Amino acid sequence: DIQMTQSPSSLSASVGDRVTITCRASQSISTFLSWYQQKPGTAPKLLIYGASSLQSGVPSRFSGSGSGTDFTLTISSLQPEDFATYYCQQSYSTPWTFGRGAKVEIK
Amino acid sequence: QVQLDQSGAELKKPGASVKVSCKTSGYTFMRYDINWVRQANGQGLEWMGWMNPSSGNTGYAQKFQGRVSMTSDTSVTTAYMELTSLKSDDTAVYYCARSHVATNHLDHWGQGTLVTVSS
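The listed protein sequences derive, respectively, from chains A and B.
Quick note: the first sequence, position 77, residue 61 per the numbering used here, numbers continuous.
Quick note: the second sequence, position 62, residue 295 per the numbering used here, numbers continuous.
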């Protein structure tokens, strides 16, 4: 199985901050990498697919980059509604696997 | 708009089975795979498997092989996930999610179904 390692596991940030979360795959997954946002008590929401494509309706302050084994999710200017947990997921080979999540908290 | 509406919470005893439904609408049901992902309380996301409503083909994570069955009824555009021989550590929220054909990303999710396994 492909292991997905996210860092950091949690971070504290202020509104307006630039936030970066990284995800590393245990083997090359090309650009078969997605990012999801999850708020407590709700289902995950797709933000980014194909490593860098913004899902329809997602604000442009979210962006993704990377290929192969190293990927990044960036929030250019953190907004109050962005405080949540973020997961990466590979869809290169089954079983699809997720990172353990990165919780973004209010500083 | 695309919607996936899941059945309600379940309370089951150890050793029992549970069947969760995922009623879809707003798109052509047979054109997309349905995946099932679960999340124990306070934990991360765990992919269980996929099924293709058109072919009936399925693929399960090895951890669940022999205990899980994913099916669909195309006449009512509904997918089902049945998990047997339940244990206490199967207590989790179970999500269905549609996956895009080309890149397999999970673009629409159900609201989740809490399955509690307790004696």
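Quick reminder that beta carbons are idealized off the backbone N, C-alpha and C, glycines included.
Remember, predicted model here, so these are calculated numbers, not experimental data.
Taking 8 Å as the cut-off, the Cβ atoms of V42 (chain A) and A68 (chain A) do not count as close.
Close CB contacts of D66 (chain A) within its chain, under the 7 Å cut and outside five residues either way in sequence, are with I59 and V88 (chain order). With a beta-carbon spacing of about 6 Å, T346 (chain B) and A242 (chain B) fall inside the 8 Å limit used to define contacts.
Sequence-ordered contacts of the segment 63 to 87 of chain A with chain B read Y71, Q73, S75, T78, P79, W80, T81, F82, G83, R84 and G85 [C-beta pairs closer than 8 Å]. The C-beta of Y328 (chain B) comes closer than 8 Å to at least one C-beta of chain A. If you draw a straight line from the Cα of A(-3) (chain A) to the Cα of Y20 (chain A), it comes to about 19 Å. Excluding residues up to 5 positions away in sequence, P286, S287 and T307 lie with their Cβ nearer than 7 Å to the Cβ of M263 (chain B) in the same chain. Cβ atoms of R271 (chain B) and Y327 (chain B) come within 8 Å of each other, at about 5 Å. Rounded to the nearest whole angstrom, the C-alpha separation of P28 (chain A) and Q22 (chain A) is 4 Å.
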